[in-house]
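Residue numbers for the sequence shown follow the working numbering, so the first one is 234 and each next one is one higher.
Yeah, the Cβ is synthetic: ideal placement off N, Cα and C, and Gly gets one too.
It should be emphasised that the depicted structure is a prediction, and the values quoted were computed from it without experimental measurement.
Heads up: the structure comes next, in C-alpha cells.
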Amino acid sequence: MTRQPRPLRIGNASGFYGDRFDAMREMLTGGELDVLTGDYLAELTMLILGRDRLKDPGAGYARTFLRQLEECLGLARERGVRIVANAGGLNPAGLADAVRQLADRLGLPVRVAHVEGDDLTAANPGSLAAHAYLGGFGIAACLREGADVVVTGRVTDAALVTGPAAAHFGWGPGDHDRLAGAVVAGHVLECGAQATGGNYAFFHEAARSGRDLRRPGFPLAELHEDGSCVITKHAGTGGFVDVGTVTAQLLYETAGARYAGPDVTARLDTVRLTQDGPDRVRIEGVRGEAPPPTLKVGVNRLGGFRNEVAFVLTGLDIEAKADLVREQLTDALAKSPPAEVRWDLVRTDRPDAPSEETASALLRLVVRDPSQEAVGRALSGAAIELALASYPGFHVLAPPGKGSPYGVFEDVYVPQGGVDHVAVLHDGRRIPVPPAHDTVVLDEVPEPPLPQPLSHGPTVRAPLGLVAGARSGDKGGNANVGVWVRSDDAWRWLAHELTVDRFRQLIPESGPLKVTRHPLPHLRALNFVVEGILGEGVAAQHRFDPQAKALGEWLRSRHLDIPEILL
Numbered sequence: 234m235t236r237q238p239r240p241l242r243i244g245n246a247s248g249f250y251g252d253r254f255d256a257m258r259e260m261l262t263g264g265e266l267d268v269l270t271g272d273y274l275a276e277l278t279m280l281i282l283g284r285d286r287l288k289d290p291g292a293g294y295a296r297t298f299l300r301q302l303e304e305c306l307g308l309a310r311e312r313g314v315r316i317v318a319n320a321g322g323l324n325p326a327g328l329a330d331a332v333r334q335l336a337d338r339l340g341l342p343v344r345v346a347h348v349e350g351d352d353l354t355a356a357n358p359g360s361l362a363a364h365a366y367l368g369g370f371g372i373a374a375c376l377r378e379g380a381d382v383v384v385t386g387r388v389t390d391a392a393l394v395t396g397p398a399a400a401h402f403g404w405g406p407g408d409h410d411r412l413a414g415a416v417v418a419g420h421v422l423e424c425g426a427q428a429t430g431g432n433y434a435f436f437h438e439a440a441r442s443g444r445d446l447r448r449p450g451f452p453l454a455e456l457h458e459d460g461s462c463v464i465t466k467h468a469g470t471g472g473f474v475d476v477g478t479v480t481a482q483l484l485y486e487t488a489g490a491r492y493a494g495p496d497v498t499a500r501l502d503t504v505r506l507t508q509d510g511p512d513r514v515r516i517e518g519v520r521g522e523a524p525p526p527t528l529k530v531g532v533n534r535l536g537g538f539r540n541e542v543a544f545v546l547t548g549l550d551i552e553a554k555a556d557l558v559r560e561q562l563t564d565a566l567a568k569s570p571p572a573e574v575r576w577d578l579v580r581t582d583r584p585d586a587p588s589e590e591t592a593s594a595l596l597r598l599v600v601r602d603p604s605q606e607a608v609g610r611a612l613s614g615a616a617i618e619l620a621l622a623s624y625p626g627f628h629v630l631a632p633p634g635k636g637s638p639y640g641v642f643e644d645v646y647v648p649q650g651g652v653d654h655v656a657v658l659h660d661g662r663r664i665p666v667p668p669a670h671d672t673v674v675l676d677e678v679p680e681p682p683l684p685q686p687l688s689h690g691p692t693v694r695a696p697l698g699l700v701a702g703a704r705s706g707d708k709g710g711n712a713n714v715g716v717w718v719r720s721d722d723a724w725r726w727l728a729h730e731l732t733v734d735r736f737r738q739l740i741p742e743s744g745p746l747k748v749t750r751h752p753l754p755h756l757r758a759l760n761f762v763v764e765g766i767l768g769e770g771v772a773a774q775h776r777f778d779p780q781a782k783a784l785g786e787w788l789r790s791r792h793l794d795i796p797e798i799l800l
C-alpha cells in the first residue's frame, strides 16, 4: 500500500501592505505550520511602490515585511517554517539582499532566494510600473533547492500556495487538477482574515452565536497531495471558518467559472465545500485546465492630478444650495476648466434633525486634469473666495489642497514565453523557469442548468441581505459582486430572481455598463461583473467607493419581493 504524503500546512500572515503587523508572530507561535505566506501586493500598492522607487532607486519593496522578519526570522528558523512572500514588489533582488543582511546581523544561517522576471516596465514606455503576473514554479524551484525564505515580485496571489505545494508534492506543469486545487486554496488564504470572519456579510449572526469577531485569526490550509484541502485556523484565535466565510472569499475578485492563472485555469464551478468540523471547511473536487497562452501584465501610469472639496449643506433647501454653488464654481473656473469635473450630492441630512451633523448633506466636487495648476490653485482660490458669497451656512470639510497625482491601471497581455522567469538561489545560481507549453485559449463556460423555480407563494418586500450574502471587489476598472445563499430553496429563488436586468434595477449605476452574470450552482452563488464602473482603476478614485468594497452591501440593502418561506 502506497503511503500518502502528509498534508502540507500553509498559513497566511498578510492580505495587503499594511495588514496586522503582529500576524506573522501569531501564526508562527499559534500552532504547527510548514510554510507561512504573505501577500503584500495589489494594483494600488504597485503604484505606491513605483512612486517610492522614483525617489529612491533602492526602494520598491514592502518595508513592513523586513520589520516583521526582524522579530520573527529566528522563530521561523527554530520551528522549521519556510517563508514565502511577494513583498519584493518592484525590487525582489533588493529585498532578498536586505533579508540576508538582517539574517547576518541576527546571526541566523538563513538561505534566501528570490524570483524575478516579472518587470516589464522598460517594454511599456510611459509606465511607472508594468509587471507580469508570474506563476508558482519559480517559487517551487527556490524551495526545492533549499531556500528558507523566498521573496518575489508580482506573482499571482495564489502562486504563494501553488509554489510550495508543487515543491512539496512534486507536481509538474501537467498536474492541472492538483494545481487548480492549490489555486483555490491560495485564493481563499490570500486576503487573510476575510476567510475567518472578517468583512463577513452575516457577521451579526456570528456575533450572536458567541463568536469573537473583534480580532479574527489568520487562515491556514491543510493541503493534500490530490489538491484537496481543509481551510482552518489556529486553535484559540478569534473569528471562525465555515462554508459561508469560505464561499465569500472564493467569490471575491473573481469572475466566471474559469479562474485563469499562469500555471493552470481553475474551474470554480467544480468547487465543493463541506463543513468538516468546527472551524474546518473541506474543499474538494476542483478541476483544472491548461492555462491560457498569455500572461496578464498590470500597467500603472500617472494619469494626471486630482483634487476635491466637500461642501457642507445644512438644513433647508439642500438642492437649491447645491445648485447655487455648482453654478458659482462653474463660472469661476470657466476660463480654464479642469478636464474632468464630477459633482455628487450625498443626502445624509434628515428633517427636523436633533444635531447639526445629521441635518447636513455633503456636496463633493472632484476634478482631474493633466495640469496640477488646473486642479490646485485655480480650484482652491475659486472655492475659498465663495466663503462669504454663497449659500447660507457655507463651510467645507477641509480646504482643497494643491492637487495630488493619481494613477491609472490597465491590463495588457504578453505571450507565456514573453518574460524571463528566473529563480535566483541563495548561492547566486539562476534557474530559468520555462513557460507553460500546454495552453488553451480562454473561453466562457456554457451557462449551467438552473434549478426548478421556487413555488409561488406569499412574498414580503424586504432587503435582499436577509437571505443572501455578498462580497465585492475590484479588478482594474471593473467590479465584481458575488452573491450567495445558504439553502437549496433560497438558491431556487435567487437563480431566477436576480437576473442581469434585476441587478441593473437594484444598482442603477450599472445601467449603461456591461454586466455579465456567472452562475456557480455548487456554491449556490451568482457572480456579477460590472465593466467600467471603477473608471481607470482604484488609483484614479473614480467613485465614492473606488475599490467597490461595499458595492455588495449596497446590493444587499436593496428591497425585493422575497418569498415568506425564506424569511
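- Annotation: L335 to L484 spans about 38 Å, alpha carbon to alpha carbon.
- In the DSSP assignment, C462 forms a beta bridge with L456 and I516.
- The DSSP assignment places complete beta strand (DSSP E) segments of no fewer than 3 residues inside the segment 247-288 at 268-271, in order along the chain.
- Distance check between G510 and each of V474, P495 and A490 places V474 closest, using alpha-carbon atoms only.
- With contacts defined by Cβ atoms closer than 8 Å, H347 and T385 form a contacting pair.
- The residue from N357, L287 and Y273 with its alpha-carbon nearest to that of G322 is Y273.
- Between A415 and the set L453, E560 and L759, the nearest pair of CA atoms involves L453.
- Sixteen is the threshold: since fewer than 16 other Cβ atoms of the shown chains lie within 10 Å of the Cβ of G661, the residue is exposed.
- Under the three-state reduction of DSSP, G715 is assigned to strand.
- Secondary structure in the segment 565-648: the beta strand (DSSP E) runs of 3 residues or longer, each lying completely within the stretch, are 573-579, 593-602 and 637-648 in chain order.
- In this structure, the beta-carbon distance from A543 to R583 does not fall below 8 Å.
- At a cut-off of 4 residues, the continuous stretches assigned as alpha helix (DSSP H) that sit fully inside the segment 356-397 are 370-377.
- Between H659 and V314, the CB-CB gap reaches or exceeds 8 Å.
- Inter-residue distance for S790 and G548 is about 26 Å (C-alpha atoms, whole angstroms).
- A contact is defined here as three or more CB-CB pairs under 8 Å, and the segment 603-621 meets this definition with respect to the segment 527-546.
- Note that the C-beta distance between Q774 and Y639 is below 8 Å.
- Around the beta-carbon of R704, 16 or more other beta-carbon atoms lie within 10 Å, marking it buried.
- Assignment of beta-bridge partners to N760 by DSSP yields G715 and H751.
- Where V542 is concerned, there is no enclosing alpha helix (DSSP H), although the beta strand (DSSP E) around it starts and stops at T527 to T547.
- Its chain contains L658 as the residues whose beta carbon lies nearer than 6 Å to that of E378, once the 5 sequence neighbours on both sides are disregarded; these appear in chain order.
- A straight-line Cα-Cα distance of about 37 Å links L630 and R441.
- DSSP, reduced to helix, strand and coil, places K554 within a helical segment of the structure shown.
- Excluding its 5 nearest sequence neighbours in each direction, A499 has C-beta neighbours in its own chain below 7 Å: A413, V416, V417, Y492, V519 and G521, listed in chain order.
- Straight through space, the alpha carbons of V673 and P525 are spaced by roughly 5 Å.
- Spatial neighbours of D644 in its own chain (CB-CB distance under 6 Å, excluding positions within 5 residues in sequence) are listed in chain order as K529 and G709.
- V678 is positioned such that its CB atom lies closer than 8 Å to that of D502.
- Between A695 and I795 a beta carbon distance of about 5 Å is seen, short of the 8 Å cut, so the two are scored as contacting.
- For P240, same chain residues with a beta-carbon under 7 Å away, outside a window of 5 residues either side, are E455, L456 and H457 in chain order.
- If you draw a straight line from the Cα of A622 to the Cα of A615, it is about 11 Å long.
- Annotation for D778: L784 place their beta carbon closer than 7 Å to its own, counting only its chain and skipping 5 residues before and after.
- Going by C-alpha positions, Q301 is about 7 Å away from M257.
- Nearest to V545 by C-alpha distance, out of E589, V504, G698 and F642, is E589.
- The C-alpha of K782 lies about 24 Å from the C-alpha of A723.
- Annotation: the continuous beta strand (DSSP E) that includes A493 extends over R491 to A493.
- The count of Cβ pairs closer than 8 Å, one atom from the segment 273-293 and one from the segment 465-479, stays below three, leaving the stretches out of contact.
- Nearest Cα to G340 within the set G307, A363, G636 and D602: G307.
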